[in-house]
Ligand SMILES: [Zn+2]
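In our numbering, the protein residues as written are -19 to 334.
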């Protein structure tokens, strides 16, 4: 069968691999329909291996070359003898985190916090950029009829955004700054609106991405912090100039984090979700004097799927609007990875049609 595999940094290939055999008792074989290319897939290409391992993974035993794809939905092809949550023919969306159930976080099903955890499509034998994938039964969530196949493939990044908005403690009527308009920034803006946010500010330095943000969020205040005075704009557009209630930093750039500190109100919340891959210099005195809350945010709790799909099904969270192209699996490298890796490119989110 076909599979897109990560062989090493700057080496992602379209390969022919052996199809999976029969599922184990608690396993499900899924035929992916759509699979998203994620920023972390691009990070693997540019700077990896980050999550894939050369030696067998401590929990899953997987090693490179790694089949990619952790954002997907599909149809159940086969189920193991002990599977009760889904059946053959069901449409499912995949929650890709897994962890051993005999350690602290795994026992609590907080798979995303487990130091030994594995991820489908990054540190596990199978992935969504392939004709078939085996997952554990707990990784497969039934998709409601009013959620499309395309939406089902976007539940994973959408859950990342919903968790970040939870961490930012966004309440009805709050003003929120989204720092960095990549796919996760776009989903965070949608999730903040779904949570009831009022005024939304979006910062972005790439003019093409600012245009995309303008098209999807006509009511948002858009700022290019390299060319405009962000603190002044936020002051002028918040009640009594106090600043935004919360900021969600998706750019992973030090200056962007400090920009958030400059514009949240006193006792405001900042959530760092973008990957700050280099140490950052910050003014901790400002954090203290302004009574700030600064939090990290990683992935999502494993029980997020029903809630996120309910938001999508109800029309409050139109995740499909961030998709800028859908290309066949066979064109994954040329028309999927390459346009997203182009710094001057005009793509935001590309799905592979399997
Ligand atoms: Zn991802």
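For every residue, glycine included, the Cβ atom is placed at its ideal position computed from N, Cα and C. Please read all numbers here as calculations on a predicted model, not as lab measurements.
Measure the alpha-carbon distance for residue i versus residue j and round it to whole angstroms.
{"i": "residue 335", "j": "residue 310", "result": "Since the first residue shown for the chain is -19 and the last is 334, residue 335 is missing from the structure and cannot be characterised."}
{"i": "residue 69", "j": "residue 75", "result": "18 Å"}
{"i": "residue 208", "j": "residue 198", "result": "19 Å"}
{"i": "residue 188", "j": "residue 326", "result": "6 Å"}
{"i": "residue 203", "j": "residue 214", "result": "9 Å"}
{"i": "residue 335", "j": "residue 79", "result": "Residue coverage of the chain in this structure runs from -19 to 334, which leaves residue 335 outside it and unanswerable."}
{"i": "residue 66", "j": "residue 122", "result": "7 Å"}
{"i": "residue 178", "j": "residue 156", "result": "8 Å"}
{"i": "residue 272", "j": "residue 172", "result": "20 Å"}
{"i": "residue -5", "j": "residue 324", "result": "28 Å"}
{"i": "residue 221", "j": "residue 129", "result": "44 Å"}
{"i": "residue 240", "j": "residue 200", "result": "16 Å"}
{"i": "residue 190", "j": "residue 32", "result": "33 Å"}
{"i": "residue 83", "j": "residue 219", "result": "48 Å"}
{"i": "residue 45", "j": "residue 103", "result": "10 Å"}
{"i": "residue 2", "j": "residue 12", "result": "17 Å"}
{"i": "residue 234", "j": "residue 257", "result": "10 Å"}
{"i": "residue 175", "j": "residue 205", "result": "26 Å"}
{"i": "residue 285", "j": "residue 125", "result": "15 Å"}
{"i": "residue 304", "j": "residue -19", "result": "27 Å"}
{"i": "residue 217", "j": "residue 263", "result": "25 Å"}
{"i": "residue 319", "j": "residue 237", "result": "27 Å"}
{"i": "residue -3", "j": "residue 34", "result": "18 Å"}
{"i": "residue 85", "j": "residue 101", "result": "21 Å"}
{"i": "residue 180", "j": "residue 321", "result": "28 Å"}
{"i": "residue 62", "j": "residue 120", "result": "14 Å"}
{"i": "residue 43", "j": "residue 73", "result": "24 Å"}
{"i": "residue -13", "j": "residue 182", "result": "36 Å"}
{"i": "residue -15", "j": "residue 186", "result": "30 Å"}
Who are the Cβ neighbours of residue i in its own chain at under 8 Å, not counting the five residues just before and after it?
{"i": "residue 302", "result": "134, 163, 166, 167, 170, 196, 328, 329"}
{"i": "residue 317", "result": "-8, 17, 21, 22, 25"}
{"i": "residue 248", "result": "223, 224, 225, 226, 227, 270, 272, 273"}
{"i": "residue 87", "result": "81"}
{"i": "residue 282", "result": "75, 77, 89, 90, 91, 92, 118"}
{"i": "residue 64", "result": "117"}
Taking Cβ positions, are residue i and residue j nearer each other than 7 Å?
{"i": "residue 7", "j": "residue 131", "result": "no"}
{"i": "residue 292", "j": "residue 142", "result": "no"}
{"i": "residue 51", "j": "residue 136", "result": "yes"}
{"i": "residue 109", "j": "residue 49", "result": "yes"}
{"i": "residue 260", "j": "residue 244", "result": "no"}
{"i": "residue 253", "j": "residue 144", "result": "yes"}
{"i": "residue -17", "j": "residue 47", "result": "yes"}
{"i": "residue -11", "j": "residue 19", "result": "no"}
{"i": "residue 14", "j": "residue 140", "result": "no"}
For residue i, collect the residues of the same chain with a Cβ closer than 6 Å to its Cβ; drop the 5 residues on either side in sequence, then sort them by chain order.
{"i": "residue 242", "result": "211"}
{"i": "residue 138", "result": "167, 288, 299"}
{"i": "residue 306", "result": "331, 333"}
{"i": "residue 147", "result": "251, 275, 277"}
{"i": "residue 192", "result": "328"}
{"i": "residue 246", "result": "270, 271"}
{"i": "residue 255", "result": "232"}
Give me, in chain order, the residues of the same chain whose beta-carbon lies closer than 7 Å to that of residue i; leave out the 5 immediate sequence neighbours on both sides.
{"i": "residue 0", "result": "9, 106, 112, 114"}
{"i": "residue 290", "result": "none"}
{"i": "residue 4", "result": "60"}
{"i": "residue 315", "result": "307"}
{"i": "residue 194", "result": "202"}
Looking at chain D, is there any beta carbon in it that lies within less than 7 Å of the beta carbon of residue i?
{"i": "residue 150", "result": "Reference to chain D is not applicable here, since this structure consists of a single protein chain."}
Give the residues whose C-beta lies closer than 5 Å to at least one heavy atom of ligand 1, in chain order.
Counting only heavy atoms of ligand 1, the residues whose C-beta sits closer than 5 Å to one of them are, along the chain, 18, 20.
Counting pairs of Cβ atoms below 8 Å between the region 227 to 246 and the region 146 to 162, do you hit three or more?
Yes, the region 227 to 246 is in contact with the region 146 to 162.
Can we say the region 54 to 64 touches the region 256 to 274, given the rule of at least three CB pairs closer than 8 Å?
In the pairwise beta carbon analysis, the region 54 to 64 is classified as not touching the region 256 to 274: fewer than three pairs are separated by under 8 Å.
Decide if the region 37 to 44 is in contact with the region 18 to 25; the criterion is three or more beta carbon pairs, one per stretch, under 8 Å apart.
At 8 Å Cβ cutoff, the stretches do not touch.
Do three or more CB pairs link the region 88 to 98 to the region 293 to 300 at distances below 8 Å?
No, the region 88 to 98 does not touch the region 293 to 300.
Should the region 142 to 154 be called in touch with the region 95 to 108, which here means at least 3 C-beta pairs below 8 Å?
No, the region 142 to 154 does not touch the region 95 to 108.
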